[in-house]
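Below is one structure, written out as structure tokens, with a few remarks after it.
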Amino acid sequence: MAAVARAQPARAANALSRRQAERRQIAQPVRALVGAADFAAQAAGLAHTLAAGPLPLAAGGLAAAGLASLVPPPPAGLREPVSVSLEGGKAPLNTHGVGRGGKFPPFQGKVLAIERMGGRDAERDVSRIVIETGGVLFHEGQSFGVVPPGTKINSKGQEVPETVRLYSIASSRYGDRHDGKTCTLCVVRVVWHDEEGKVHRGVCSNYLCDLKVGDTIQMTGPSGTAMLLPDNHMQRRIVCVATGTGIAPFRAFWRRLFFDQVPGHPHGYQGRFWLLAGFANPDSELFTKELRSIEAANPDHFRLDVALSLTQTNQRGGPEYVQDRIEESGEEFLALLASDDCLFYFCGLKRMYSSVVEVLERLGEERGVDTKALIAKLKKEHRWHVETA
Ligand code: NAD
1 MAAVARAQPA RAANALSRRQ AERRQIAQPV RALVGAADFA AQAAGLAHTL
51 AAGPLPLAAG GLAAAGLASL VPPPPAGLRE PVSVSLEGGK APLNTHGVGR
101 GGKFPPFQGK VLAIERMGGR DAERDVSRIV IETGGVLFHE GQSFGVVPPG
151 TKINSKGQEV PETVRLYSIA SSRYGDRHDG KTCTLCVVRV VWHDEEGKVH
201 RGVCSNYLCD LKVGDTIQMT GPSGTAMLLP DNHMQRRIVC VATGTGIAPF
251 RAFWRRLFFD QVPGHPHGYQ GRFWLLAGFA NPDSELFTKE LRSIEAANPD
301 HFRLDVALSL TQTNQRGGPE YVQDRIEESG EEFLALLASD DCLFYFCGLK
351 RMYSSVVEVL ERLGEERGVD TKALIAKLKK EHRWHVETA
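In the UniProt record's numbering, the protein residues as written are 1 to 389.
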């Protein structure tokens, strides 16, 4: 049976040039913290002030202004009808696997669309791949495995099938076509240099990023329960913290909350979704257009904070990371940590997560709040979810 391992991006080919670039570009001005200012203003009960100008008045805006009773139920906004109902029941687990890993053998996915994400100056080569699954079920927060073609030599010198790599699913269970028959992956091409300068290419990420429309791939899963949403998530406050392609599972969340007309939830998502995402520079941002459209249509239910480490500086003059955004919104973040309904999700780099915990502990110490105890409580209540590599 082939071992299953999370695909590691290993050392990026551009690690050195990135450090050089950071030194070169770090002096550039910090982009205005529009999202943060807006959210803070709302929290303080202040008027809606946005540097970027007025937002279209969406259903949430009317409700906040006390006008909800004068208007019909909230318009669908961005939401599109789903053609099947995939509600109810537990998240499916490993229905398809290699060896004895699944009930059924791997399923065949077919590439419906593949596009390179980001702009010309993107730090990483990331592809969005829409795959026809034939209706294999999954829930938001799960991963699919990909079986790259070919074989490898294992530690015993034997030729064995290539290892299955896991990729977080970046679409809701209804898929980007709202029919429950596709999934989307968001894959970063892994390339690195060893000490002798020899170039190495990640087997599976390069295989996936080089696929063409119509190609078929062998897939396993769905797997993973660590990043699932609880049953009543359509009403909950949710905070998601991501770096790079760690944004993938959160796209699954926001597609469900803001793009699908989820059966049984005619008024859509009623909670507040706060996404803090870290990228290298504006061209490296992922799903920007989609996120900006949610931000515009759902000002009362959505907040976006983007930290750009190569083009923004934090208060100490270093690169701006998501943990700096958390530090900058200290009181507010601590209040959510202490609330009894908010859900927290972290996905991306391990060092991002450890820095977030350090920041929270420091914030707590400064304010006499025992954040360690709060996090322990959140974990116990299954409200603290971490998937990092
Ligand atoms: P990356 O290496 O390009 O990093 C993305 C951004 O994170 C950087 O541009 C930078 O702005 C920021 N960053 C760098 N160092 C940081 C630090 N110390 N603290 C906070 N932010 C920092 O990202 P990538 O190649 O897209 O991969 C992201 C990570 O997420 C990988 O480790 C990948 O394996 C993991 N990942 C995990 C899952 C999952 O577990 N479900 C899914 C996708 C990606």
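The beta carbon of each residue, even a glycine, is placed where N, CA and C say it ideally should be.
As the structure is a computational prediction, the values presented were derived from the model and not from experiment.
Check: residue i C-beta below 7 angstroms from any heavy atom of the ligand MN
{"i": "Gly109", "result": "You won't find the ligand MN in this model; what it holds is the ligand NAD."}
Coil, strand or helix - residue i by DSSP
{"i": "Ala376", "result": "helix"}
{"i": "Gln235", "result": "helix"}
{"i": "Phe258", "result": "helix"}
{"i": "Arg222", "result": "Checking the sequence, you will find Pro at residue 222 rather than Arg. Of the three classes helix, strand and coil, the one that applies to Pro222 here is strand, per DSSP."}
{"i": "Leu112", "result": "strand"}
{"i": "Thr133", "result": "coil"}
{"i": "Pro161", "result": "strand"}
{"i": "Glu140", "result": "coil"}
{"i": "Ala248", "result": "helix"}
{"i": "Gly145", "result": "strand"}
{"i": "Thr371", "result": "helix"}
{"i": "Val98", "result": "coil"}
{"i": "Arg79", "result": "coil"}
Neighbourhood of residue i by C-beta distance below 6 angstroms, restricted to the same chain and skipping five residues each side
{"i": "Glu80", "result": "His178"}
{"i": "Gly97", "result": "Thr220"}
Start-to-end residues for the alpha helix (DSSP H) that takes in residue i
{"i": "Met352", "result": "Lys350 to Arg367"}
{"i": "Arg189", "result": "Premise fails: Arg189 is in no alpha helix (DSSP H) and is neither H nor E."}
{"i": "Ser339", "result": "Neither: Ser339 is in no alpha helix (DSSP H) and is coded neither H nor E."}
{"i": "Leu208", "result": "Val203 to Cys209"}
The ligand NAD heavy atom lying under 7 angstroms from the CB of residue i
{"i": "Ala113", "result": "no"}
{"i": "Leu86", "result": "no"}
{"i": "Arg351", "result": "yes"}
{"i": "Ala280", "result": "yes"}
{"i": "Gly119", "result": "no"}
{"i": "Ala252", "result": "no"}
{"i": "Gln323", "result": "yes"}
{"i": "Ala389", "result": "yes"}
{"i": "Cys204", "result": "no"}
{"i": "Val188", "result": "yes"}
{"i": "Gly244", "result": "yes"}
{"i": "Glu123", "result": "yes"}
Limits of the unbroken beta strand (DSSP E) element including residue i
{"i": "Val84", "result": "Where Val84 is concerned, there is no enclosing beta strand (DSSP E), given that its DSSP letter is neither H nor E."}
{"i": "His385", "result": "Trp384 to Thr388"}
{"i": "Pro153", "result": "One detail in the question is off: residue 153 reads as Ile in this sequence, not Pro. Its beta strand (DSSP E) spans residues Thr151 to Ile153."}
Sequence-distant residues of its chain with Cβ nearer than 8 angstroms to residue i (five each side left out)
{"i": "Gln270", "result": "Met234, Gln235 and His301"}
{"i": "Cys342", "result": "Arg236, Arg237, Ile238, Val239, Leu336 and Arg383"}
{"i": "Ala307", "result": "Leu276, Ala277, Gly278, Phe279, Glu320, Tyr321, Val322, Asp324 and Arg325"}
Chain-order list of residues whose beta-carbon lies under 7 angstroms from that of residue i (same chain, five-residue window excluded)
{"i": "His139", "result": "Ala91, Arg173 and Leu228"}
{"i": "Val203", "result": "Pro148 and Glu162"}
*Considering only residues of the stretch 266–328, which uninterrupted alpha helix (DSSP H) runs meet the minimum length of 4 residues and lie entirely inside it, listed in chain order?*
Within the stretch 266–328, the runs of alpha helix (DSSP H) at least 4 residues long that lie entirely inside it are, in chain order, 288–297 and 322–328.
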